[in-house]
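Numbering (the numbering used here), first residue to last: 5 to 450.
We treat Cβ as the ideally placed atom computed from N, Cα and C, and that holds for glycine.
I have placed the structure first, in the form of structure tokens, so that the comments after it can refer back to it.
This is the structure we're talking about:
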């Protein structure tokens, strides 16, 4: 066994090691200890990308900056490790979206009986996890509480925000309602600021079509710069394609360049100034874009958290800028809706208004008692008239034809035994002919 210590950053993705020493001083040691990283802890390197290190420690995913990760010194038993077979890929996938967009239906389809339901630590909000295997890839799905934004106004929103930031899923699948695409995409405007791999699942397409809305998935994908999958969860449509896209994105998380929303042009200067002020003070796993946007929104929790992280002098400069631009929230929200409008302009089409109104007018007339009952009586009267003036004459013609056919057969079989004539004339021609004569009336009436 080798006792040589080396930083966790030396590990390759998927490799495991044991923590032996934390060399970053008391502050960093305390922070890492709170996340379960202490000497003796077995850890696994999950991802190294763009200066960010994600490790698994005590069943918890922890995102660290490269500088922080270099302070974690580990040791591994080289020969034993190399003797191990290469494990299958394991993915953590978050299912996010606004309430009632169908993500829980997809979660149930994917995980079936392989579900674990409990509460989030320290919360009363339900936590649902489940497993699904695609070939050699095991996917752990987490069904996040429905939320309209990443501003923590409720326990559900707080849970979703903390998971997406601190657990750092390999892929986040955002479910949107095809019938209300513009509203559903608002959450995406915040997710993109976290710089995590995102797939957009346009669900409830059948509902949208019934409302005269058509979604062009390819056009939407081009507008967003993200993978877009069309699904109808209630009919199990598009689920296979969604799984394939998840595995594909996990293998190349940087393969897409999403178009990220910006604040309105009149506030670009303040946005850039605050970004420069906070850039060197933002700890992982937060992003500068997300923190600056939340400060401009006036998010109480983010403001309180970073007030203790950013130096006092710098913090005072930021507050002065925000006071000078009291409408910063409008700039953030306005920029998001401008981005949504641009993204959906070529992807969403609707029926002409007149076509929809005509259907509504017909329904309005037929479902009102004062007009619906007279219309019903009129339809019944027309059916009776057509039956009498069309069906009855046709019936008389068929009766005459059947009778003539019976007489002809009876004369032809005059020399045959009586039972043969009875079977053919009275049984087959007479019986079947009687039923045949009623067909015109039945067809017209029903």
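>> Could you check whether the segment 181-191 touches the segment 91-109, counting it as contact only if at least three pairs of C-beta atoms, one from each stretch, sit closer than 8 angstroms?
In response: Touching, yes, given that three or more Cβ pairs across the two stretches are closer than 8 angstroms.
>> Helix, strand or coil for residue 130? Go by DSSP, reduced to three states.
In response: strand
> How would you write the range of the beta strand (DSSP E) that residue 218 sits in, first residue to last?
Replying inline: 217-219
>> Using a 10 Å radius around the Cβ and a threshold of 16 neighbouring Cβ atoms, would you call residue 298 buried or exposed?
In response: buried
> For residue 151, is the classification buried or exposed, using 16 other Cβ atoms within 10 angstroms of its Cβ as the cut-off for buried?
Replying inline: buried
> Per DSSP, which one or two residues make a beta bridge with residue 94?
Replying inline: 142
> Should residue 43 and residue 96 be called a contact, given that it needs their Cβ atoms to be closer than 8 angstroms?
Replying inline: no
> At which residues does the beta strand (DSSP E) containing residue 179 begin and terminate?
Replying inline: Membership of residue 179 in the beta strand (DSSP E) is indicated by the continuous run 175-181.
> Whose C-alpha, out of 107, 223, 288, 300, is nearest the C-alpha of residue 236?
Replying inline: Checked all of 107, 223, 288, 300; the closest Cα to residue 236 is 107.
> In terms of alpha-carbon separation, which member of 422, 373, 390, 351 lies closest to residue 189?
Replying inline: 351
> Is residue 49 closer than 8 angstroms to residue 12 when the C-beta atoms are compared?
Replying inline: yes
> Does the segment 363-381 touch the segment 427-437, meaning 3 or more C-beta pairs lie closer than 8 angstroms?
Replying inline: Contact between the segment 427-437 and the segment 363-381 is absent, with fewer than three C-beta pairs closer than 8 angstroms.
> DSSP state of residue 147, grouped into three classes?
Replying inline: The answer is strand: DSSP assigns residue 147 an E or B state.
> For residue 17, does the three-state DSSP call read helix, strand or coil?
Replying inline: coil
> Contact between the segment 327-342 and the segment 287-295: three or more CB pairs below 8 angstroms?
Replying inline: no
>> Just to confirm before moving on: does the CB-CB distance between residue 226 and residue 219 stay below 8 angstroms?
In response: Against a cut-off of 8 angstroms, the Cβ pair of residue 219 and residue 226 comes out as no contact.
> If we ignore side chains and look at the alpha-carbon of each, how far apart do residue 231 and residue 258 end up?
Replying inline: Computed Cα separation, rounded: 12 angstroms.
> Taking the beta strand (DSSP E) that residue 214 falls in, what are its first and last residues?
Replying inline: Here residue 214 belongs to no beta strand (DSSP E); instead the alpha helix (DSSP H) covers 209-214.
> How long is the line joining the alpha carbons of residue 251 and residue 331, rounded to whole angstroms?
Replying inline: 42 angstroms
> So residue 177 and residue 254 are in contact, right, with Cβ under 8 angstroms, and what is the actual spacing, rounded?
Replying inline: Wrong, their Cβ atoms sit about 12 angstroms apart, outside the cutoff.
> Apart from the five residues just before and just after residue 221, which ones in its own chain have a Cβ nearer than 7 angstroms to its Cβ?
Replying inline: 206, 232, 234
>> Rounded to the nearest angstrom, what separates residue 288 and residue 73 at their Cα positions?
In response: 11 angstroms
>> Does residue 324 pass the burial test, meaning 16 or more other C-beta atoms within 10 Å, or should it be called exposed?
In response: exposed
>> Which runs of the alpha helix (DSSP H) at least 4 residues long sit entirely within the segment 250-316? Give them in chain order.
In response: 272-282, 292-301, 304-311
>> In this structure, how does DSSP classify residue 352 when only helix, strand and coil are distinguished?
In response: strand
>> To the nearest angstrom, how far is the alpha carbon of residue 86 from that of residue 17?
In response: The predicted model places residue 86 with a pLDDT of 36, which falls under 50 and marks its position as unreliable; any figure quoted below should be read in that light. If you take the alpha carbons of residue 86 and residue 17, they lie about 14 angstroms apart.
> Who are residue 136's beta bridge partners in DSSP?
Replying inline: 143
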